[in-house]
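Trainee: After the structure tokens below, expect a handful of questions from me.
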Amino acid sequence: MSPTLSALVEIRVNRLLEQLSSEESQCGAIAFLRDVKSILQDGPQCGLVALQMAATSFGLPSVDVQHIHRLAKERGFTNRGEMFSVDWLYELALLIWPTLRGTVEHMPTRERLTALLREQCAILVPYDCDKNNEPIIRDGNTAHWCIVVGYLCPDQNQSQVIWSMQEPISYDNMHVFCLHGKSRHLAVWKYTNLVESNANLNEIGDRRMTDGEMYVLPADGVAALKYKCLILHL
966 MSPTLSALVE
976 IRVNRLLEQL
986 SSEESQCGAI
996 AFLRDVKSIL
1006 QDGPQCGLVA
1016 LQMAATSFGL
1026 PSVDVQHIHR
1036 LAKERGFTNR
1046 GEMFSVDWLY
1056 ELALLIWPTL
1066 RGTVEHMPTR
1076 ERLTALLREQ
1086 CAILVPYDCD
1096 KNNEPIIRDG
1106 NTAHWCIVVG
1116 YLCPDQNQSQ
1126 VIWSMQEPIS
1136 YDNMHVFCLH
1146 GKSRHLAVWK
1156 YTNLVESNAN
1166 LNEIGDRRMT
1176 DGEMYVLPAD
1186 GVAALKYKCL
1196 ILHL
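Count the sequence shown with our numbering and you get residues 966 to 1199, in order.
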């Protein structure tokens, strides 16, 4: 069954496939999308909001973001809502929703990512965020969190988008559907861009160092996010 996409997401998908089409044939895709509701953040709570989106996607009890923030602060994981450790976010998830299971892993291959999504896993990824919220390379200066909720694998053997649980034939130019706390709109990003952005998380950056706020950092700093993601399931 095809999901209901906003007009903006439809335009983005169609534009992407048009770029990959030839004069002779229209490029289609094999796609999959989990049912996850967007939640907006208030302040630097992107990791906490991504965690809340993941939990509610499993049908777990909704917990107010301010309560999650308070618990994280009591544990010494955050001050203003920032989350600079994948391990801390996982520990927080288990504290609030003990029935959750998961692992902190390196960013998965394209094949593994699609399999995890079809298994209804939630994949929370830290990355560097550009002004338009897309992944960028900024050495970790604009670290942000998203949740990967689906994928789009262009397929020259298809003439339209096929929403299916079937395994994609090709992973070339694979894009992912993501949600994050700065927008209610579903994002469509090239997966390799997200992986590269995740791999460049090295430092907190001058802007955050001089903004007058106190941030909680693990021993290895922002690099505690580098190469890592949080995979959750029931």
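Just so it is clear, CB atoms sit at the ideal spot from N, CA and C, and this is done for glycine as well. The structure presented is a predicted model; accordingly, all values stated were derived computationally and were not measured.
1. Per DSSP, residue 993 is paired with what?
2. Could you spell out where the alpha helix (DSSP H) holding residue 972 opens and where it closes?
3. I need the boundaries of the beta strand (DSSP E) containing residue 1152, first residue and last residue.
4. Determine the closest residue to residue 999 out of 1168, 1188, 1085, 983, with distance taken between C-alpha atoms.
5. Return helix, strand or coil for residue 1193, following the three-state DSSP convention.
6. Going by beta-carbon coordinates alone, are residue 1012 and residue 1120 separated by less than 8 Å?
7. Applying the criterion that 16 or more other CB atoms from any shown protein chain within 10 Å of the CB defines a buried residue, is residue 1071 buried or exposed?
8. Under three-state DSSP, which class holds residue 1021?
9. Compute the distance between the beta-carbons of residue 1050 and residue 1183, then report whether it is under 8 Å.
10. Report yes or no: do the stretch 1120–1131 and the stretch 1092–1100 share at least 3 C-beta pairs separated by less than 8 Å?
11. Given this structure, state the Cα-to-Cα distance separating residue 990 from residue 1123, to the nearest angstrom.
12. Using beta-carbon positions only, say whether residue 1157 and residue 1116 come within less than 8 Å of one another.
13. Return the CA-CA distance between residue 1266 and residue 981, expressed in angstroms with no decimal places.
14. Quick one: using the 10 Å Cβ neighbour count with 16 as the cut-off for buried, is residue 1022 buried or exposed?
15. Just to confirm my understanding: we take residue 1017, look at its own chain, exclude 5 residues before and 5 after, and list those with CB closer than 8 Å. What are they?
16. Would you mind sorting residue 1137 into buried or exposed? The rule is 16 or more other CB atoms within 10 Å of its CB.
17. Can you find the residues in the same chain that come closer than 6 Å, C-beta to C-beta, to residue 1047, ignoring five residues on each side of it along the sequence?
18. Our contact map puts residue 1146 next to residue 974 with C-beta atoms below 8 Å; I'd like the distance itself, whole angstroms only.
19. If you draw a straight line from the alpha carbon of residue 1065 to that of residue 977, how long is it in whole angstroms?
20. Are residue 1101 and residue 1143 touching if we call contact CB-CB under 8 Å?
21. So, are the CB atoms of residue 1025 and residue 1062 less than 8 Å apart?
22. Would residue 995 and residue 1081 qualify as a contact pair, given that the criterion is a beta-carbon distance under 8 Å?
23. Report the rounded CA-to-CA distance for residue 1168 versus residue 1150, giving the unit in angstroms.
24. Return helix, strand or coil for residue 1136, following the three-state DSSP convention.
Mentor: In brief:
1. Among the bridge pairs identified by DSSP, residue 993 is matched with 1120.
2. For residue 972, the enclosing alpha helix (DSSP H) covers residues 972–985.
3. According to the DSSP assignment, residue 1152 belongs to the beta strand (DSSP E) that extends over 1148–1155.
4. Closest option to residue 999, Cα to Cα, is 1085.
5. In this structure, residue 1193 counts as strand in the three-state DSSP scheme.
6. For residue 1012 and residue 1120, no; Cβs fall outside 8 Å.
7. Residue environment: residue 1071 is assigned as exposed (fewer than 16 neighbouring CB atoms within 10 Å of its CB, all protein chains considered).
8. In the structure shown, residue 1021 sits in a helix (DSSP, three-state: H, G or I).
9. Taking 8 Å as the cut-off, the Cβ atoms of residue 1050 and residue 1183 count as close.
10. Contact between the stretch 1120–1131 and the stretch 1092–1100 is absent, because fewer than three Cβ pairs lie under 8 Å.
11. Cα to Cα, the separation comes out at about 9 Å.
12. No, these two residues do not count as a Cβ contact at 8 Å.
13. Residue 1266 falls outside the range modelled here, since the chain spans only 966 to 1199, and no answer is possible.
14. With 16 or more other Cβ atoms within 10 Å, it is buried.
15. Cβ within range, chain order: 1004, 1027, 1028, 1030, 1033.
16. Residue 1137 is exposed by the Cβ-count criterion.
17. These residues qualify, in order along the chain: 1009, 1180.
18. Residue 1146 to residue 974, Cβ: 18 Å. No contact.
19. Distance between the alpha carbons of residue 1065 and residue 977: 33 Å.
20. Not a contact, by the Cβ cut-off of 8 Å.
21. Yes, they are a contact pair.
22. By the CB criterion at 8 Å, residue 995 and residue 1081 fall outside the cutoff.
23. When rounded, the distance between both Cα atoms is 28 Å.
24. Looking at residue 1136 - three-state DSSP - the assignment turns out to be coil, as it is neither helix nor strand.
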